[in-house]
Amino acid sequence: MENILTVTHLQKDFGTHKVLRDIDFSVSKGDVVSIIGSSGSGKSTLLRCINLLETPTSGDILFHGASVLSSGIDVPSYRAKVGMVFQSFNLFDNMNVLENCMISPVKILKVPKAEARERAMHYLDRVGMASYINAKPRYLSGGQKQRVAIARALAIQPEILLFDEPTSALDPQMVGEVLQVIGKLAEEGRTMVIVTHEMTFARDVSSRVIFMDDGIICEEGTPQKIFTSPEKEPTKAFLERFWNR
Amino acid sequence: MTTSLPSDFWGRVLFILQRYGTSYLKGAGTTLLISIVSTIIGCIIGFGVGVVQYIPIDKRSPWYKRALLRVAKVIMKVYVEVFRGTPMMVQSMFIYYGASQLLGINMSMWFAAFFIVSINTGAYMAETVRGGILSVDIGQTEGALAVGMSPLRAMNYVLIPQALRNIMPQIGNNLIINIKDTCVLSVIGTVELFFSAKSVAGTYYTYFESMTIAMVLYLTMTIAASKLLRLWEKKMDGPATYDLATTDTLAFTSGLLNISTKRPANERPL
Ligand SMILES: Nc1ncnc2c1ncn2[C@@H]1O[C@H](COP(=O)(O)OP(=O)(O)OP(=O)(O)O)[C@@H](O)[C@H]1O
Ligand SMILES: [Mg+2]
Chain A
1 MENILTVTHL
11 QKDFGTHKVL
21 RDIDFSVSKG
31 DVVSIIGSSG
41 SGKSTLLRCI
51 NLLETPTSGD
61 ILFHGASVLS
71 SGIDVPSYRA
81 KVGMVFQSFN
91 LFDNMNVLEN
101 CMISPVKILK
111 VPKAEARERA
121 MHYLDRVGMA
131 SYINAKPRYL
141 SGGQKQRVAI
151 ARALAIQPEI
161 LLFDEPTSAL
171 DPQMVGEVLQ
181 VIGKLAEEGR
191 TMVIVTHEMT
201 FARDVSSRVI
211 FMDDGIICEE
221 GTPQKIFTSP
231 EKEPTKAFLE
241 RFWNR
Chain B
1001 MTTSLPSDFW
1011 GRVLFILQRY
1021 GTSYLKGAGT
1031 TLLISIVSTI
1041 IGCIIGFGVG
1051 VVQYIPIDKR
1061 SPWYKRALLR
1071 VAKVIMKVYV
1081 EVFRGTPMMV
1091 QSMFIYYGAS
1101 QLLGINMSMW
1111 FAAFFIVSIN
1121 TGAYMAETVR
1131 GGILSVDIGQ
1141 TEGALAVGMS
1151 PLRAMNYVLI
1161 PQALRNIMPQ
1171 IGNNLIINIK
1181 DTCVLSVIGT
1191 VELFFSAKSV
1201 AGTYYTYFES
1211 MTIAMVLYLT
1221 MTIAASKLLR
1231 LWEKKMDGPA
1241 TYDLATTDTL
1251 AFTSGLLNIS
1261 TKRPANERPL
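As given, the protein sequences belong to chains A and B, one line each in that order.
Here the first sequence stands for residues 1 to 245, where the numbers follow my numbering.
Here the second sequence stands for residues 1001 to 1270, where the numbers follow my numbering.
#1: Closer than 8 Å is the cut-off here; do at least three beta carbon pairs connect the stretch 1129 to 1138 of chain B with the stretch 1215 to 1233 of chain B?
#2: Any heavy atom of ligand 2 inside 8 Å of the beta-carbon of K43/A?
#3: Which runs of the beta strand (DSSP E) spanning at least 3 residues fall entirely within the stretch 1174 to 1208 of chain B, listed in chain order?
#4: Just to confirm my understanding: we take L10/A, look at its own chain, exclude 5 residues before and 5 after, and list those with CB closer than 6 Å. What are they?
#5: I'd like the list of long-range same chain contacts for A80/A, defined as Cβ closer than 8 Å, with 5 residues on each side in sequence excluded.
#6: Please confirm if Q1170/B has its CB atom under 9 Å from at least one CB of chain A.
#7: Just how far apart, CA to CA, sit T6/A and G1046/B?
#8: Nearer than 8 Å: is that true of the beta carbon of V27/A relative to any heavy atom of ligand 1?
#9: With L1102/B as the anchor, note down where its alpha helix (DSSP H) starts and where it stops.
#10: For the candidate residues K145/A, W243/A, Y123/A and I217/A, whose alpha-carbon lies nearest to that of T8/A?
#11: For the stretch 111 to 135 of chain A, which residues have a CB atom closer than 9 Å to at least one CB atom of chain B, in sequence order?
#12: Going by DSSP in three states, S951/B sits in which element: helix, strand or coil?
#13: Closest by CA to D1243/B, which one among D204/A, I210/A, Q146/A and A135/A?
#14: Please report the distance separating the alpha-carbon of I1160/B from that of I1167/B.
#15: Can you tell me whether DSSP reads A1028/B as helix, strand or coil?
#16: Does any heavy atom of ligand 1 sit closer than 8 Å to the C-beta of S88/A?
#17: May I ask you to list, following chain order, the residues of the stretch 1139 to 1158 of chain B that have a beta carbon less than 8 Å from some beta carbon of chain A?
#18: On the CB-based measure, 16 or more other CB atoms within 10 Å of its CB, does R147/A come out buried or exposed?
#19: Rounded to the nearest angstrom, what separates G1050/B and G215/A at their Cα positions?
#20: Please go through the same chain and pick out, in chain order, the residues whose beta-carbon is closer than 6 Å to the beta-carbon of T1222/B, but skip the five residues on each side of it.
#21: State yes or no: is the beta carbon of P1006/B nearer than 9 Å to at least one beta carbon in chain A?
#22: Cβ closer than 9 Å: which chain A residues qualify as neighbours of L1244/B?
#23: Kindly indicate the opening and closing residues of the beta strand (DSSP E) around V19/A.
#24: What residue range is occupied by the uninterrupted alpha helix (DSSP H) comprising M174/A?
#25: Could you tell me the distance, in whole angstroms, from the CA atom of Q224/A to the CA atom of T1128/B?
#26: Can you list the residues of chain A that P1161/B reaches, using a CB-CB cut of under 8 Å?
#27: Identify, in the order they occur along the chain, each residue of the same chain with its Cβ nearer than 7 Å to the Cβ of V1191/B, setting aside the five sequence neighbours on each side.
#28: From the beta carbon of G1238/B, is the nearest beta carbon of chain A less than 9 Å away?
#29: What three-state label does DSSP hand R190/A in the structure shown?
#30: From S1186/B to Y1024/B, what distance separates their C-alpha atoms?
#31: Could you give the DSSP three-state label for E115/A: helix, strand or coil?
#32: Can we count D164/A as close to ligand 2, meaning its CB is less than 8 Å from some heavy atom?
#33: Applying a beta-carbon distance threshold of less than 8 Å, which residues of chain A neighbour R1165/B?
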């Protein structure tokens, strides 16, 4: 399969705190990679490094084989190829649902307005939010906000989608509606990297699971392997703690 | 001049109004014009300065860019400190007479008036704008960057509109302060409301009556200004309800065509 993203020897320090230590992994077209691991293991930092919200301390990130850390790169247009969905939604509060999904296609990608609108409506319909186009984010429930955020990310038609704990800020009864949407995207064969604490979901939708522990990738493999016969002690301990919760 | 002043207070007020009503109105008009225009210009200055103060110095950018930004920041910091830290009345005379004596520029009174009030408002607004931008959640910027906006565009489309909404009350406050404080321009001879009122008062020694009229006019202007700004804020917020085109199939909200926003966000209609 065509390689999209490769991370090599990635390190990230915050001062003296080494949050990521030598991370290597790659994502091919159609992969659905779930990243699990305990709080503070560096999962968010990894995703934030991938779309350059954080600058890696050392190592490299290759997008279609080309480094995105070289000085000549146009960071905004790289980010437009990498969609990101945040734990805290981060919808633009000054725009309604439709504007949220249209601003980047129209202003950044220079898609004609009518086409951008059609595109936004298409994705809003996919996430079941087409009827809310006039609502400002503050009037939506958490689950609805996250679905709009997913539509917004899809509307820039990225080659890869990053999710950072998309359901962690949601009330339990809203988790399902968001996971359902992400699950459908996985079925379609979209390339995604999902940081999540929803183990059942990770088991069901992923093609590969990465277990992170203290800034390194401790174990990586198919969902069957990670969830039914993990090899490393930290993985076993983490999953044990998780299932017995 | 036939000075047959009425003997009672209200009679004298009426008498003054009949003779000099237009000069009060002209004065009030001048006051309003200077305060509104200067508040607008001041806000523009404030946004310029506030945005520059907000821009972090990026270690990765070339040295000359960093140096330029540093110098700009220092100059703007000095500007803010000087104009916030000295009385506008003293500034007026300092600038008006200083310009003619030091630079040989004879400012027109109008120019001087707009200049002084604008630059003063700008100094106050700069800090307000910086605070306004800082008060916008960092997630808004990250969301904007993540959809491919450059930092400048993120500022333009996401941060500044939200900062503007956040600081609307302070802008209103500044307008009200300006309506009142333009009276200090009388020291450089600007014929605004206070100047007019004082001139009339001097003619007949009717200080109390004349200032009563000025008080009423000032109060009318400030109350009207704050009411209008409140309306504008409401308009910026948009409607408090939104229309649903059809139904939200995933969240099972059927039959509701108009959702009231008073309902807590996590409560679902049945
Ligand atoms: N900007 C920052 N400055 C300093 N330390 C940071 C910063 N961002 C993250 N960290 C630290 O890096 C470590 C990893 O954080 P990260 O958010 O990546 O963890 P995580 O695996 O996503 O955890 P969680 O499951 O709680 O979201 C934490 O110890 C955190 O305190
Ligand atoms: Mg995290």
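C-beta: ideal position from N, C-alpha, C; glycine also.
The short version:
#1: No, because fewer than three Cβ pairs between the stretch 1129 to 1138 of chain B and the stretch 1215 to 1233 of chain B fall closer than 8 Å, the two stretches do not touch.
#2: Position 43 of the first sequence, counted from the first residue, corresponds to residue 43/A. Yes, the beta carbon of K43/A sits closer than 8 Å to at least one heavy atom of ligand 2.
#3: Uninterrupted beta strand (DSSP E) stretches at least 3 residues long and entirely within the stretch 1174 to 1208 of chain B do not occur.
#4: What you label residue 10/A is simply residue 10 of the first sequence in a count that begins at 1. Beyond the five residues adjoining it in sequence on each side, L10/A comes within less than 6 Å, by CB distance, of L20, I23, P56 and G59 in the same chain, given in chain order.
#5: Here residue 80/A is taken as the residue at index 80 of the first sequence, counted from 1. So the list reads S104, I108, L109, I156 and P158, once near-sequence residues are dropped.
#6: As a working mapping, residue 1170/B is identified with position 170 in the second sequence. Chain A, which has no Cβ nearer than 9 Å to the Cβ of Q1170/B, makes this no.
#7: For the purposes of this step, residue 6/A is taken as the residue at position 6 of the first sequence. For the purposes of this step, residue 1046/B is taken as the residue at position 46 of the second sequence. Rounded to the nearest whole angstrom, the C-alpha separation of T6/A and G1046/B is 45 Å.
#8: Reading the first sequence from its first residue, position 27 is the one you call residue 27/A. No, the beta carbon of V27/A sits no closer than 8 Å to any heavy atom of ligand 1.
#9: Along the second sequence, read from residue 1 onward, the residue named residue 1102/B stands at position 102. That run of the alpha helix (DSSP H) goes M1088 to L1102.
#10: Taking the first residue of the first sequence as position 1, residue 8/A is located at position 8. Of K145/A, W243/A, Y123/A and I217/A, the residue nearest in Cα terms is I217/A.
#11: Cβ contacts with chain B: V127, G128, M129, A130, S131, Y132, I133, N134 and A135.
#12: Since the first residue shown for chain B is 1001 and the last is 1270, residue 951/B is missing from the structure and cannot be characterised.
#13: Here residue 1243/B refers to the residue found at position 243 of the second sequence. Out of D204/A, I210/A, Q146/A and A135/A, A135/A has the C-alpha closest to the C-alpha of D1243/B.
#14: As a first step, residue 1160/B must be located in the second sequence, where it is residue number 160. As a first step, residue 1167/B must be located in the second sequence, where it is residue number 167. Rounded to the nearest whole angstrom, the CA to CA distance from I1160/B to I1167/B is 10 Å.
#15: Against the second sequence, residue 1028/B aligns to sequence position 28. Reduced to three states, the DSSP call for A1028/B is helix.
#16: What you label residue 88/A is simply residue 88 of the first sequence in a count that begins at 1. False, no ligand heavy atom lies under 8 Å from that Cβ.
#17: The residues in question are G1139, Q1140, E1142, G1143, A1144, L1145, A1146, V1147, G1148, M1149, S1150, R1153, Y1157 and V1158.
#18: Within the first sequence, residue 147/A is the residue found at index 147, counting from 1. By the neighbour-count criterion, in which 16 or more other beta carbons inside 10 Å mark a residue as buried, R147/A falls on the buried side.
#19: As a position in the second sequence, residue 1050/B is number 50, starting the count at 1. As a position in the first sequence, residue 215/A is number 215, starting the count at 1. Here the C-alpha atom of G1050/B lies approximately 38 Å from the C-alpha atom of G215/A.
#20: Position 222 of the second sequence, counted from the first residue, corresponds to residue 1222/B. By the criterion of a C-beta distance shorter than 6 Å, T1222/B is surrounded in its chain by I1176 and I1179, once the five residues flanking it on both sides are discounted.
#21: Along the second sequence, one-based indexing puts residue 1006/B at 6. So, not an interface residue.
#22: The residue labelled residue 1244/B in the question sits at position 244 within the second sequence. In chain order: S131, Y132, N134 and A135.
#23: In the first sequence, counting from the first residue as 1, residue 19/A sits at position 19. Taken as a continuous stretch (DSSP letters only), the beta strand (DSSP E) holding V19/A covers H17 to S28.
#24: In the first sequence, counting from the first residue as 1, residue 174/A sits at position 174. Taken as a continuous stretch (DSSP letters only), the alpha helix (DSSP H) holding M174/A covers P172 to E187.
#25: Residue numbering aside, residue 224/A sits at position 224 when the first sequence is read from its first letter. Residue numbering aside, residue 1128/B sits at position 128 when the second sequence is read from its first letter. In a straight line, the C-alpha of Q224/A is about 56 Å away from that of T1128/B.
#26: Residue 1161/B sits at position 161 when you count from the first residue of the second sequence. N94, listed in chain order.
#27: Counting from one through the second sequence, the residue named residue 1191/B turns up at place 191. In the same chain as V1191/B, and ignoring 5 residues on each side of it, the C-beta atoms closer than 7 Å to its own belong to G1027 and T1030, in chain order.
#28: Residue numbering aside, residue 1238/B sits at position 238 when the second sequence is read from its first letter. Yes, G1238/B counts as interfacial toward chain A.
#29: Here residue 190/A is taken as the residue at index 190 of the first sequence, counted from 1. In the structure shown, R190/A sits in coil (DSSP, three-state: anything other than H, G, I, E or B).
#30: Position 186 of the second sequence holds residue 1186/B. Position 24 of the second sequence holds residue 1024/B. One C-alpha to the other measures close to 14 Å.
#31: Here the question's residue 115/A lines up with position 115 in the first sequence. E115/A: helix per DSSP, three-state reduction.
#32: Indexing the first sequence from 1 puts residue 164/A at position 164. In this structure, D164/A has its CB closer than 8 Å to one or more heavy atoms of ligand 2.
#33: Looking up residue 1165/B in the second sequence gives position 165. At a C-beta separation below 8 Å, R1165/B has these neighbours in chain A: N94.
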